[in-house]
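K.L.:
Before I ask anything, let me first share the structure, which is written out below as structure tokens.
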Amino acid sequence: MEERFTDSELAIAKSVDLTAVASYLGYTVKRVGHYHTLKEMDSIRIYDKSHWFRWSRQYEKGENGGSQIDFLRVFCGMEVKEAVWWLLDFAGYRRIDNAQKKPELKYQVDATKKQEPKKFELPLPAHDNCFLYSYLSEERGISKAVIDYFVSQNLIYESRHYHNIVFRGNDKEGVTKFASMRGVFDKEGKPFKCDVAGNDKRYGFNVVNDASTELVVFEGAIDLMSYVDIFSDYETNKIALGMLADAPLITFLDEHPQITSIKFCLDGDGPGRKAAMQLMEKYYGMGYEVEDCPPLTGYKDYNEWLVENKKEVCQKVAHFSERCVKK
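If you read the sequence shown in the numbering used here, its first letter stands for residue 15, the second for the next number, and so on.
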């Protein structure tokens, strides 16, 4: 007969401090604002010391977050039953029937403690957008005309502190419900990316044209801007999910019922292709016309396509100039 855990035992396992577990396993735990991360894997976020999420999208479903049990399953290769026993042992629990005094538990997180919701406040704007323009044009290859457009529409701006680029996600009334930030000073090749605390993840960075019935969907805001640069498309509705889940897409369609067709411009990598197929099937079944429009073969996303295309143009211009000088 298979041995089962009681509800009380499962509750104890899921109340173990996950940061203590990670430290015990040899990871370097760092606190960043309202969450913790790991020095060795900075895409990991540990929330409320009880559950985790991995922002990197290169892993299969089931490998990107969950409870303490899932952490041990993913990073220690344990089976679920083995992980539960490990956590119970770590907490100092022993299965003792009819004991007068139960052992005192360790590393417990108060699961009943309610976290106060964060107030959503946009970062203060900088006095100018100097670093924003420099980063988007020089590092990401986006033309000044496109940057001017997004700045003029008040969809992006530079924050006063740290000079991050702030991407705003507005509702149908133009009220900002969501905002994400992207750093302009990458440290050792590692970009700073973070959502503004307290935002509503049912929204995403978007461009609205109520006269258009077409919606173009991207994973990231910079890919959206790159698409506008490549195709000079200022007419269609556009949205960046900020992830591969479609909660922002659902909200946008609900608020803009004139949309009849959806073009999916997700990344060209494995997770992007898989998500595109799943979303196309879902929204085709809901009655929308759908189209899969990944970046050209060989490019991961639309920004890589834009950057490499501009490099190629510059090389051709330089080669032509050299020929002209020689003649």
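Beta carbons are placed, not taken as given, at the ideal position from N, Cα and C, and that holds for glycine.
Can you have a look at residue 239 and say buried or exposed, based on whether 16 or more other CB atoms are within 10 angstroms of its CB?
P.N.:
Residue 239 should be labelled buried.
K.L.:
What first and last residue would you give for the beta strand (DSSP E) that runs through residue 68?
P.N.:
Note, residue 68: beta strand (DSSP E), 65-68.
K.L.:
CA-CA distance, residue 284 and residue 46?
P.N.:
Approximately 30 Å, taken between the alpha carbons.
K.L.:
Which residues in the same chain have their Cβ closer than 8 Å to the Cβ of residue 324, if we skip the five residues on either side of it in sequence?
P.N.:
Cβ within range, chain order: 155.
K.L.:
DSSP three-state call for residue 56: helix, strand or coil?
P.N.:
Residue state, collapsed to three classes: strand.
K.L.:
Quick check: residue 193 and residue 165, are their CB atoms within less than 8 Å of each other?
P.N.:
No, the Cβ-Cβ distance between residue 193 and residue 165 is not below 8 Å.
K.L.:
Return the bridge partner residues of residue 188 from the DSSP annotation.
P.N.:
For residue 188, which the question treats as bridged, DSSP gives no partner whatsoever.
K.L.:
If we count the other Cβ atoms within 10 Å of its Cβ and call it buried at 16 or more, is residue 149 buried or exposed?
P.N.:
Counting Cβ neighbours within 10 Å, residue 149 comes out buried, since at least 16 surround it.
K.L.:
Find out if the Cβ-Cβ distance for the pair residue 282, residue 315 is shorter than 8 Å.
P.N.:
A contact, by the Cβ cut-off of 8 Å.
K.L.:
If we ignore side chains and look at the alpha-carbon of each, how far apart do residue 157 and residue 151 end up?
P.N.:
Residue 157 and residue 151: Cα-Cα distance of roughly 6 Å.
K.L.:
Per DSSP, which one or two residues make a beta bridge with residue 122?
P.N.:
According to DSSP, which records beta bridges pairwise, residue 122 is partnered with 30.
K.L.:
In angstroms, rounded to a whole number, what distance separates the CA positions of residue 121 and residue 60?
P.N.:
Rounded to the nearest angstrom, the two C-alpha atoms are 15 Å apart.
K.L.:
According to DSSP, is residue 61 part of a helix, a strand, or is it coil?
P.N.:
Strand at residue 61.
K.L.:
Please state whether DSSP places residue 258 in a helix, a strand or coil.
P.N.:
Three-state DSSP puts residue 258 in coil, outside helix and strand.
K.L.:
So, at 6 Å on beta carbons, what are the nonlocal neighbours of residue 219 in its own chain, with the 5 sequence-adjacent residues on each side left out?
P.N.:
These residues qualify, in order along the chain: 181, 183, 235, 254.
K.L.:
To test your reading of the DSSP string, which unbroken alpha helix (DSSP H) runs of 4 or more residues are found completely within the segment 223-252?
P.N.:
With a minimum length of 4 residues, the continuous alpha helix (DSSP H) runs that stay inside the segment 223-252 are 235-245.
K.L.:
Residue 144 lies in the alpha helix (DSSP H); which residues open and close that run?
P.N.:
Note, residue 144: alpha helix (DSSP H), 144-148.
K.L.:
Within 10 angstroms of its Cβ, does residue 297 collect 16 or more other Cβ (buried), or is it exposed?
P.N.:
Buried: at least 16 other Cβ atoms inside 10 Å.
K.L.:
What residue does the beta strand (DSSP E) around residue 303 start on, and which one ends it?
P.N.:
Its beta strand (DSSP E) spans residues 303-306.
K.L.:
Taking only the alpha-carbon atoms, compute the straight-line gap between residue 261 and residue 89 and give it to the nearest angstrom.
P.N.:
Spanning the two alpha carbons is a distance of roughly 28 Å.
K.L.:
So residue 32 packs on residue 85, CB below 8 Å; how close in whole Å?
P.N.:
At roughly 6 Å, the Cβ-Cβ gap stays under 8 Å, so residue 32 and residue 85 are in contact.
K.L.:
Please name the residue, chosen from 190, 40, 178, that lies closest to residue 206 on a Cα-to-Cα basis.
P.N.:
Residue 206 has its Cα closest to that of 178, out of 190, 40, 178.
K.L.:
May I ask you to report which of helix, strand or coil DSSP gives residue 90?
P.N.:
Note: residue 90 maps to helix in three-state DSSP.
K.L.:
Could you check if residue 79 is buried or exposed, using at least 16 other CB atoms within 10 Å of its CB as the buried criterion?
P.N.:
Buried, by the Cβ-count rule.
K.L.:
Could you spell out the range, first to last residue, of the alpha helix (DSSP H) harbouring residue 287?
P.N.:
Here the alpha helix (DSSP H) through residue 287 covers 284-299.
K.L.:
What did DSSP end up calling residue 206 once you bin it into helix, strand or coil?
P.N.:
DSSP places residue 206 in coil when its eight states are reduced to three.
K.L.:
Within 10 angstroms of its Cβ, does residue 21 collect 16 or more other Cβ (buried), or is it exposed?
P.N.:
With fewer than 16 Cβ atoms within 10 Å of its Cβ, residue 21 is classed as exposed.
K.L.:
Give the range of the beta strand (DSSP E) segment to which residue 276 is assigned.
P.N.:
That run of the beta strand (DSSP E) goes 275-278.
K.L.:
What is the DSSP secondary structure of residue 317, reduced to helix, strand or coil?
P.N.:
Note: residue 317 maps to helix in three-state DSSP.
K.L.:
Can you tell me whether DSSP reads residue 156 as helix, strand or coil?
P.N.:
Reduced to three states, the DSSP call for residue 156 is coil.
K.L.:
Quick check: what's the CA-CA separation for residue 161 versus residue 228?
P.N.:
Using only the alpha carbons, I get a separation of about 22 Å.
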